[in-house]
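K.L.:
Chains as they are written, first to last, in this note's numbering: chain A, 1 to 102; chain B, 1001 to 1102.
Beta carbons: idealized from backbone N, C-alpha and C, even for Gly.
These numbers were taken from a predicted model, which means no experiment stands behind them.
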């Protein structure tokens, strides 16, 4: 069963780390308990819509952007996104350059 | 404050109506109480991730598709989507045809 709270937790944590903030900073700014936010990030607690709005605000990120990322990750989990299994062009170019350099 | 549960409720109802199903049918297939599903659809109750997964399943719709629609609507509410204020071409064509018919 694909659980939305798991992806929400991952996304909230990733956005927080991307912005270089600590759990303590975000919890404090969002006025939620640190332990609670930690459980939400680990997908162990469902965040209410009010908490989600506060945390998104504390992360200076629109809630729609957070939910878009959540839906994108859910699509991957559900196998609805084609993850290319070819090597990106940039890497191929680097690889060729390496070969030529030899 | 933009509330995710409001958009989730609207989206679940819209998908259900699009598929021509009754509250009773979806609640029964998802094994949730009819009154509870009705409250979720009206944005009055937070649906747990398990309930969301069951309802999505009962609607034969991947949860990622539901959350994508939720994020799109949240973006509109947050003013992050540009809604064109010009008249759609089809309507303009009809309007011109009307004028010519006079």
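Cβ closer than 8 Å: which chain A residues qualify as neighbours of residue 1003/B?
P.N.:
By Cβ distance, chain A contributes 49, 50 and 53.
K.L.:
Do you know how far the Cα of residue 12/A is from the Cα of residue 1053/B?
P.N.:
Residue 1053/B and residue 12/A: Cα-Cα distance of roughly 20 Å.
K.L.:
With 16 as the cutoff for other CB atoms within 10 Å, does residue 1017/B come out buried or exposed?
P.N.:
exposed
K.L.:
Taking C-beta pairs closer than 9 Å, name the residues in chain B that residue 82/A reaches, listed in chain order.
P.N.:
Going along chain B, no residue has its Cβ under 9 Å from residue 82/A, so there is no contact; the nearest lies around 13 Å.
K.L.:
Whole angstroms are fine: how far does the CA of residue 1069/B sit from the CA of residue 1024/B?
P.N.:
23 Å
K.L.:
Out of 48/A, 41/A, 49/A and 81/A, point me to the one whose CA is closest to residue 8/A's CA.
P.N.:
41/A
K.L.:
Below 7 Å between beta carbons is the criterion; list the residues of the stretch 1067 to 1082 of chain B that meet it against any residue of chain E, in chain order.
P.N.:
Within the model displayed, chain E is absent; protein chains A and B are what it includes.
K.L.:
Taking C-alpha atoms, which residue in 60/A, 33/A, 3/A and 44/A lies nearest to residue 21/A?
P.N.:
60/A
K.L.:
Between which two residues does the alpha helix (DSSP H) harbouring residue 82/A extend?
P.N.:
It is not in any alpha helix (DSSP H) - residue 82/A carries neither H nor E in the DSSP assignment.
K.L.:
Excluding sequence positions up to five away, which residues of its chain have a Cβ less than 6 Å from the Cβ of residue 1081/B?
P.N.:
1075
K.L.:
Within 7 Å of any Cβ in chain A, is that where the Cβ of residue 1041/B sits?
P.N.:
no
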